[in-house]
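Heads up: the structure comes next, in C-alpha cells.
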Amino acid sequence: MSCPICGKPADPNYRPFCSRRCADIDLGRWLKGSYVIPGDVSEEDDSPRPPEDPRPN
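Numbering-wise, the sequence shown is residues 1 to 57 according to the UniProt record's numbering.
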C-alpha cells in the first residue's frame, strides 16, 4: 500500500500514510474542507436544536 499523499510505501505506525507529516497534511485538508463527500444537499438543517422555553416572554 502506498501513501495517498506522496506515494511512498506506507509505514505501519501511520498507515495508510508513510509518516506523521503526511498524516497531518491529510488531517489539515479535512479540517480546511478540501475534501468533500458527494451527495445531495439537504434543504433542512439536521443539526440538533435546543429545547424551546415554554415560559411566555
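Idealized CB from N, CA, C, for every residue including glycine.
Just so you know, these numbers come straight off a predicted model, no measurement behind them.
Of the candidates P48, L31, P50, C3, C3 places its Cα closest to the Cα of R21. Given a length threshold of 4 residues, each whole run of the alpha helix (DSSP H) inside the stretch 2 to 38 is given here in chain order: 20 to 32. In this structure I5 touches I25 by the C-beta definition: roughly 5 Å separates them, less than 8 Å.
Taking C-beta separations shorter than 7 Å and ignoring five residues to either side along the sequence, the partners of Y35 in its chain run R29, following chain order. The beta carbon of Y14 sits closer than 8 Å to the beta carbons of R20, C22, A23 from its chain, once the five residues preceding and following it are set aside; these are given in chain order.
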